[in-house]
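S.K.:
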Amino acid sequence: MKVLWLTSVYPSEKHPSEGVFHETQVQELLKQGIEVTVICPNPVNPPVLRMLKASYRQKRDLPEQEVRNGVKVYRPPYPALPGQLKWAQPSKRIAASVLRAMQRHQLSPDIIHAHFAMPSGGAAAVIQKETKIPYLLTLHGSDVNVYPNYSKGAKAAFETAVRQASAVLTVSEELAKKTNEMTKVEAKCLPLGIPLRSFSRTEEGQEGIRKHLRLPLQDKLVVFVGRLVKEKGLLELADAVSSMDGVKAIFVGKGPLAKELKERAGASIILPGQVPNEQVRDYLMAADLFALPSYSEGMPTVVLEALALKVPVIATRVGGLPSLFSTYQHLLVEPRSTRQLKEAIHACLYENRWNEEVKNDLHEMVHTEFSSEHNAKHLIQQYEKVFNQSTSIV
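For the sequence shown, full-length UniProt numbering begins at 1 and goes up steadily by one.
1) Would the segment 179 to 195 and the segment 203 to 218 be scored as touching if the rule is three or more Cβ pairs under 8 Å?
2) I need the DSSP call for M51, collapsed to helix, strand or coil.
3) Assuming contact is defined by CB atoms lying nearer than 8 Å, are V222 and I345 in contact in what I supplied?
4) How far does the beta strand (DSSP E) with H115 in it extend, from its first residue to its last?
5) In its own chain, which residues sit with a C-beta less than 7 Å from the C-beta of L307, not counting the 5 before and 5 after it?
6) Would you say the segment 8 to 25 touches the segment 60 to 68, given that touching needs at least three Cβ pairs under 8 Å?
7) With a threshold of 8 Å, are at least 3 pairs of Cβ atoms found where one atom belongs to the segment 160 to 174 and the other to the segment 25 to 37?
8) Please classify K254: does DSSP put it in a helix, a strand, or coil?
9) Measuring straight from C-alpha to C-alpha, what distance separates K385 and T316?
10) Do E23 and I194 have their beta-carbon atoms positioned less than 8 Å apart in this structure?
11) For G319, which option in V241, S294, K155 has the closest C-alpha, if you only look at C-alpha atoms?
12) Kindly indicate which three-state DSSP category L261 falls into: helix, strand or coil?
13) List, from N- to C-terminal side, the beta strand (DSSP E) runs of 3 residues or more that fit wholly inside the UniProt domain "Glycosyl transferase family 1" (207 to 352).
14) Who are the Cβ neighbours of E64 in its own chain at under 6 Å, not counting the five residues just before and after it?
15) Going straight from the alpha carbon of K152 to that of A88, what length do you get?
16) Quick one: is T138 buried, meaning 16 or more other Cβ sit within 10 Å of its Cβ, or exposed?
17) Quick check on H140: buried or exposed, where buried means 16 or more other Cβ atoms within 10 Å of its Cβ?
18) Whose C-alpha, out of S97, K2, F21, is nearest the C-alpha of V44?
19) Is the distance from the Cβ of G253 to the Cβ of K220 below 8 Å?
20) By Cβ distance below 7 Å, which residues in the same chain neighbour I127 in space, the five residues on each side in sequence not counted?
21) Tell me whether the beta-carbon of A157 lies closer than 8 Å to the beta-carbon of M182.
22) Using 8 Å as the cut-off, can you tell me whether the segment 225 to 244 makes contact with the segment 285 to 294, which would need three or more C-beta pairs spanning the two stretches below that distance?
23) Hey, could you find the ends of the alpha helix (DSSP H) E181 is sitting in?
24) Quick one: using the 10 Å Cβ neighbour count with 16 as the cut-off for buried, is D61 buried or exposed?
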């Protein structure tokens, strides 16, 4: 079966961590015999805007086509505007660029797998009308919880993408339920998987890993991995840690909040910047605990990675995290609460809230339910169902 993946984020040489969870899925699908081609449309802002702000030209350096780990990846440019998902949906512009790329490179997929309702899902709906190629849509979190609230146009784009899809998947049960409430479409939960072999503990101890990463040996370390933006609850995390003796926060990643974090917490935080994907495991193993105090989430793979390594996790009661933590709801905190975050950090570091039983239970659950191999097998079943439905109609 030939599947065209349509997504707004996918790793590249210049941005190796962007959408790495997609690449994990794609590589597993390849192992199981699915032929996957990726199209990741590249937004290009008008020249005058690119002159005004560096962030408006940050993706100009991406190649229009490449082969990455055995997968053909195309990045056709399309005319974009800053903040377009809030007010000027780019579905038709993206669809036009994708259709040109499909024609130029003679792509004839059996189905399209679109990721995120906006912008990829909206574009897939347009492409379906033009080509009659069915599409499956995966919803990841912000496309359900955030973007539909921006405007009537954004809400309409979300509803169109969901209702015209041949099948809808979500990365958590909570997203499936909310999607049904918003659109009356029955979505199926299929959590993202992680490559378990890449997230197993090595023989090297925590002290050795910290020495290798040049991290403090004596302090308690709270590690965050992800984009440095306010919505991840990083200001609250910085405030919580800055008032605790002998505790430092390591913010692994890049983003617009980096400067403010440093100014806010000073010596209490360390900013290594973006690191290679293979080094994420080292930072997690160097941690006394991992923290993700987001305002909203789908099913964050980095939490699964931490749990697979038996690293204690502090996270907020949002998205798919309550169902993930199951009987351990007391380990979660409310979003935007510096007080709760500080109390949870203290309890984890000094009161043994994360005992061996908790670590083992959650570790076993991740290994049973969240492997990339398990994910791919179920995803292929969905592909076959969508394809068979489309051929029976014809």
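Where a beta carbon is used, it is the ideal one built from N, C-alpha and C, also for glycine.
M.R.: On the basis of the data shown:
1) no
2) Unreliable placement is indicated for M51, whose pLDDT of 49 sits below 50; no coordinate value is reported for it.
3) yes
4) 111 to 115
5) V313, L362, H363, V366
6) yes
7) no
8) coil
9) 35 Å
10) no
11) S294
12) helix
13) 220 to 225, 247 to 252, 269 to 273, 289 to 292, 313 to 316
14) R75
15) 11 Å
16) buried
17) buried
18) S97
19) no
20) A95, V98, L99, I112, I133
21) no
22) yes
23) 173 to 183
24) exposed
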